[in-house]
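Residue numbers (this note's numbering): 751 to 1469.
Idealized CB from N, CA, C, for every residue including glycine.
Remarks on the structure that follows.
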Amino acid sequence: MKISGASARPLEILLVEDNPGDVRLVTEALRQGKLLHRLSVAENGAKALSMLRREGLHAHQHMPDLILLDLNLPGLSGHELLSVLKADPRMMRIPVVIMTSSGAHEDVVRAYASHANCYIRKPVDIDNLLSIVHRIGHFWLSVVSLPEHGEKERPDSWRLLLVEDNPGDARLVREMLADTETEIVHVDRLSEALVELKRSAFTVALVDPGLPDSAGIDTIATILRVAPLMPLVVLSGLDDEDLALQAIQLGAQDYVLKGSPDAESLNRGLRYAVERKLVQERLDYLATHDGVTGLPNRQTFQAQLSTTLAQCQRRGGDAALMMVSLSGLGRINRLHGHDFGDLVIEETVKRMRRLLPEDAMLACTGSVEFSIILTDRQSIMDTPLLAEQLIDAARLPGRIAEQEFYLSANVGLSLFSIDSEDPNALLKCAETALYQARGFGENSFRFYSAQLNDAALERLAIEHDLRGALDRKEFQLLFQPLFAVGSGAIVGAEALLRWQHPTRGLLTPEQFLDVAEQRGMMHGIGLWVVVEACRAARGFADAGGKELRIAVNVSAQQLENPGFVDSVGAALATAGIRPQMLVIELTESMMQGEQARGTLARLRENGIQIAIDDFGTGYSSLAYLRKLPVNVLKVDRTFLSGIPDDERDMAIVRTILAMARNLGLSVVAEGVETAAQLEFLRESGCEEVQGFLLARPASAESLVGMLKTGHANEPVMNH
């Protein structure tokens, strides 16, 4: 329900005036009077009529709430235009204020005879004009509701549900309401009434409680249970005070005895019933909602919070509570008035709503304070980002009519079970966090938990800096060489992403990739890695005289991107290297989706090799491996850490090597850090290895130097 009032929107004013000086005078008067308005000007009657009829270029013209009309106009005169307006049902109710230099008695009489609302003589007294505009404008916006502004008028025709089993009484009701525009749907049983109520809405119901399939108060109770918002009048043949009292207590609007009302009193009684119901609904609404924003108020919010937390406790769910406080509204009220301030709040609430998930509850819990309940797990994880977005939404400059506005905001957050499981305590935690945020400064947020604050601020800082890192060329690749166990030669390298942060130094993927994936940045970053790795591979081939396989790690987001395969193909073609020299590495869990497996199959069909990274930590079954488009298994470093002391690790590695041989797959052992591990792998028949024992990650230039010398780590490999 929308509560309409004088502050609901700007006053739409149409000024019909051909004198530029008078136009400037009215414009300045309205500005000085701080009237929230939108002024349109027509310099002649024909243009005014075109604007009012929304013709041609004026198709999107707002219908005015008030017309200021000069009588002396070129072409169509003011008198003629006024006559046209008052003869048109769509425009006849719009108030018209005559502004003219004529003081002739016949002009005044003629204007009022044509239903003008007021007559002002030029030169216009500004205070008088503003007083009239304020008075008429306030009345129009508060009391009169135009269809053109999106508000529905009260219906001229009603739908009445008549529940009456006596044909004579039903016929009498029809006769008494024959002169009214009332559509009557007549049923003679409760069961039929329930069917009609479920099928469509009715303005009011007139019900005989004594029916063939129901009797007494049960009839009334059943109908009100199905349609609690519909006004209901009892039409009974029994003068039963107890029944009448019970019916009214249940929610019936009136109790009428058959034979007592005439047509006029029955019609009036039905209309009064509808009016009383509307008043009751409005009072109920105002008791539970904020009058400016239409949002649930603090009392309603606290009840919903209690219900939500009880459900979380029963079902093991999560919840987050956010409190948003706006600042700067006092300044706006002083400059532009409280009506304008109310519109600013409405606009800010609309911005906030657009940011919230569908299941979030937003309430107004103070004059400039709003509370939000989140239950969606992803939304709860994203509360730091949402807090920043809400702050940005509040401080974004806006415009209402001709006036600009801006606010600032603070946000306090608390989390169910982490901070408290009690509704009142959790609310207190959020209020405390909001107080701390205000102490920190405008446009800031705080969690109740200091530890969560640090983590959230760190994550937001990483995300903020990450968004421009690619454009600033802050990423770089290091290369971990891959060695052939038999010859000790470098046969490939794994491309490792690093971020040279301007203040934090060199960051590894563990410090930023999780944020990049959650914020959907992996496609751009991942594509850069593929392109740079292919370019480096071309450089290695030119420097060493032979091609090296380059392995690149990819994310699930990249595999889900429909253009990933084509992007990889373009990177290979631009660098001029064979597809067989590129290895796409990913974990077993990333291969579970059909789309991912389809993408990998297309890559392999194009000649690109596919490697399972960290093999042995996931599904790792023979039947599973047979279904995947895989060329290489990379044994996870955790299985090498116990070698040669742990017999189980040694058995697992031997099993993986045997499985790979049977399936025709290559095996790479990663994380080789001791000579004993290397010797075990050589004896077990592992063909390729990488690890700190052999070489640490190096820049492309360093790897080129190693290729040119041709003896990198030879003493270790020949041991």
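- DSSP places His-1251 inside the beta strand (DSSP E), whose first and last residues are 1240 to 1251.
- Where Ala-1069 is concerned, there is no enclosing beta strand (DSSP E), because DSSP gives it neither an H nor an E.
- In this structure Ser-1164 is not in contact with Ala-1151, their Cβ atoms being roughly 38 angstroms apart against a cut-off of 8 angstroms.
- Only residues of its own chain outside the window of five on either side were considered, and among them Glu-1224, Gln-1226 and Leu-1256 have a CB closer than 7 angstroms to the CB of Gln-1250, listed in chain order.
- Check the Cα spacing between Asp-1264 and each of Ser-1117, Gly-1238, Arg-1209 and Ala-1287: the tightest is with Arg-1209.
- When secondary structure is reduced to three states using DSSP, Glu-1025 falls in the helix class.
- Shown here for Leu-764: same chain residues with a beta carbon closer than 6 angstroms to its own, the five before and five after excluded, namely Ser-790, Pro-814 and Ile-817 in chain order.
- In the three-state reduction of the DSSP assignment, Gln-1061 falls in the helix class.
- In the three-state DSSP reduction, Phe-1442 falls in the coil class, being neither helix nor strand.
- With fewer than 16 other Cβ atoms from the protein chains shown falling within 10 Å of its own Cβ, Pro-824 counts as exposed.
- Along the segment 839 to 886, the beta strand (DSSP E) occurs as fully enclosed runs of 3 or more residues at 846 to 850 and 868 to 871, listed in sequence order.
- Here the segment 830 to 839 lies against the segment 793 to 800, with 3 or more beta-carbon pairs under 8 angstroms apart.
- If you compare the alpha carbons of Val-1302, Pro-1252, Gly-1189 and Ile-1212 with that of Ala-1243, the shortest gap goes to Val-1302.
- When Ile-1300, Glu-767, Ala-837 and Val-766 are compared, the shortest CA-CA separation from Ala-1450 is found for Ile-1300.
- Leu-961 and Val-913 have their C-alpha atoms roughly 8 angstroms apart.
- Here the alpha carbons of Arg-1026 and Val-954 stand approximately 12 angstroms from one another.
- With contacts defined as CB atoms closer than 7 angstroms, Leu-1383 and Leu-1415 qualify as a contacting pair.
- Beta-bridge annotation (DSSP): Asp-1363 is paired with Thr-1337.
- When beta bridges are read from the DSSP output, Gly-1148 appears opposite Phe-1155.
- For the options Asn-1311, Glu-1192 and Trp-908, the alpha carbon positioned closest to that of Arg-1347 is the one of Asn-1311.
- Taking the Cα positions, Arg-1081 is about 10 angstroms away from Tyr-1156.
- Between Leu-1332 and Ile-1358, the C-beta gap is smaller than 7 angstroms, which places the two residues in contact.
- For Gly-1294 against Leu-1413, the beta-carbon gap comes to about 31 angstroms, at or over 8 angstroms, which does not count as contact.
- In this structure Met-1272 is in contact with Ser-1305, their Cβ atoms being roughly 5 angstroms apart against a cut-off of 8 angstroms.
- In the structure shown, Ser-1117 falls within a coil segment according to DSSP collapsed to helix, strand and coil.
- Our two residues, Arg-1288 and Leu-1322, have alpha carbons roughly 9 angstroms apart in a direct line.
- DSSP places Glu-1192 in no beta strand (DSSP E); its state is neither H nor E.
- In the displayed model, Leu-821 falls within coil according to three-state DSSP, outside both helix and strand.
- If you draw a straight line from the Cα of Leu-1220 to the Cα of Leu-1277, it is about 11 angstroms long.
- Asp-1126 and Ala-1205 have their alpha carbons spaced roughly 20 angstroms apart.
- Val-1279 is not a Cβ neighbour of Glu-1437, given a cutoff of 7 angstroms.
- Around the CB of Thr-1253, fewer than 16 other CB atoms lie within 10 Å, so the residue is classed as exposed.
- When secondary structure is reduced to three states using DSSP, Gly-1162 falls in the strand class.
- Ile-848 is positioned such that its CB atom lies closer than 7 angstroms to that of Ala-866.
- Cβ contact annotation for Leu-1216 (same chain, cutoff 7 angstroms, sequence separation greater than five): Phe-1262, Val-1265, Ala-1266 and Met-1271, in chain order.
- Excluding residues up to 5 positions away in sequence, Leu-1157 and Ser-1158 lie with their Cβ nearer than 6 angstroms to the Cβ of Gly-1078 in the same chain.
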